[in-house]
Amino acid sequence: MAPIVPLTYYSVIILAASVFGGMLPLWFRLTHRGMQVAVSFVAAMMFGVGMLHMLPHALSEAHAVKASADEAVDFTVMMWVVAGWLTMFFIERFFCYHHHDLETDAAGELHELHEHQHDCGHDHGHHHHDITWSGAAFGLTIHSVIEGVALAASVYHRHDNLPLAGLGTFLVIFLHKPFDSMTIAMLMARGGWSPQARYAVNGLFALAIPVGIVLFFLGMGTESSSGPLLAYSLAFSAGTFLCISLSDLLPELQFHDHDRGKLSLALLLGLALALGVGKLESLVHRHSTAAAATASALAPSD
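Counting from -5, one number per residue, gives the positions in the sequence shown under the working numbering.
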């Protein structure tokens, strides 16, 4: 199957999830506890996919290209992981966009996005940045384009013999994207923008994933599905997933001393789902390979 086929399906579903996330504050009354549990679950799954799916695949691709166990290959791959981590780190530092925490009223209902003291600096005399919807939209758009590259790289990796290629990456983006859209929508609402304007911005933001996919294919050019650029793209994506997931998970240790059991359980479930998807991909791959071998053996020879 050509990689563009599953990528088209994935893109349409993610686009719908992104638009849906931007409309959630208008349709539902969300709670702080529910948001934090959901964020812990999705962030843990993102961590698992980055470390247990993308990074091993990047290493295997790199070694396949070099056809050796050279330690320099591992070092190069890990440098691309660091590059991905640093890219997302500096995007968050200078655009301060990646915020999924919301204020609650006395009844525990969410009503507006806010900044924790840890949002661009702790309360130690540091300058406290103000979040604007435009800054959030810009930072999240860059983030989404990178996610599009990650999705394309995951599907492109072994798409010829792995029917569920990229499933884990797709699920992470599908579950994470509504939070990003909600961030932009609620910041625009706080700024007094009309629902029509929010819908328009949300729709444009949803297109960032397809843009990332297109950029990946333009970068790949005529390179084969097993090449250094693919390996480095997977490693870079693993680094970005690591940074994004930790930026959601680590603040819980200092700022969310409530519901520790629920948040910890959500984290473990997210990791378990990442592991489960990996096992499912391997199972389907073995079944597909065995079926192909059987069909080849039964095929009449000339």
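Idealized CB from N, CA, C, for every residue including glycine.
Buried versus exposed, by CB contacts within 10 Å (16 or more), residue i
| i | result |
| --- | --- |
| Lys171 | buried |
| Val36 | buried |
| Glu65 | exposed |
| Ala266 | exposed |
| Gly78 | buried |
| Val(-1) | exposed |
| Arg23 | exposed |
| Ser138 | buried |
| Arg254 | exposed |
| Arg87 | exposed |
| Pro204 | buried |
Proximity to residue i [Cα-Cα], best of the options
| i | options | result |
| --- | --- | --- |
| Phe132 | Met176, Val166 and Phe199 | Phe199 |
| Leu134 | Val43, Thr177 and Ala52 | Thr177 |
| Gly270 | Ala194, Leu165 and Ile207 | Leu165 |
| Ala179 | Leu20, Leu9, Ile7 and Glu86 | Leu20 |
| Gly15 | Phe168, Lys273 and Val76 | Phe168 |
| Leu1 | Gln190, Gly162 and Asp253 | Gly162 |
| Pro50 | Ala38, Val33 and Asp68 | Asp68 |
| Phe211 | Leu262, Leu259 and Ala147 | Ala147 |
| Ala58 | Ala11, Leu224, Met29 and Leu247 | Leu224 |
| Gln300 | Gly272, Pro245 and Lys273 | Here the chain has residues from -5 to 296 only, and residue 300 is not among them. |
| Ala202 | Val33, Pro(-3) and Ser5 | Ser5 |
Residues near residue i by beta carbon distance below 6 Å, same chain, minus five either side
| i | result |
| --- | --- |
| Cys140 | Looking at the sequence itself, residue 140 is Ile, so the reference to Cys does not match. Around Ile140: Thr234. |
CB contact check: residue i to chain C, cutoff 9 Å
| i | result |
| --- | --- |
| Ala130 | Going by chain labels, chain C is absent from the structure shown, which holds only one protein chain. |
Secondary structure of residue i, DSSP reduced to three states
| i | result |
| --- | --- |
| Thr2 | helix |
| Asp68 | helix |
| Ser308 | Here the chain covers residues -5 to 296 and nothing more, so residue 308 does not appear. |
| Ile8 | helix |
| Gly255 | helix |
| Pro204 | helix |
| His57 | helix |
| Thr98 | Low local confidence applies: a pLDDT of 43 at Thr98 is under 50, so the model's placement there is unreliable, with the coordinate-based value given in what follows. Thr98: strand per DSSP, three-state reduction. |
| Phe14 | helix |
| Gly215 | coil |
| His170 | helix |
| Leu244 | coil |
Nonlocal neighbours in the same chain, by C-beta distance under 7 Å from residue i, ignoring five residues either side
| i | result |
| --- | --- |
| Met40 | Val166, His170, Phe235, Ile238 and Ser239 |
| Ile136 | Ile85 |
| Ile7 | Phe168 |
Own chain, CB closer than 8 Å to residue i, minus 5 neighbours either side, in chain order
| i | result |
| --- | --- |
| Ala38 | Ser239, Leu243, Ala260, Leu261, Leu262, Leu263, Gly264, Leu265 and Ala268 |
| Gly197 | Val13 |
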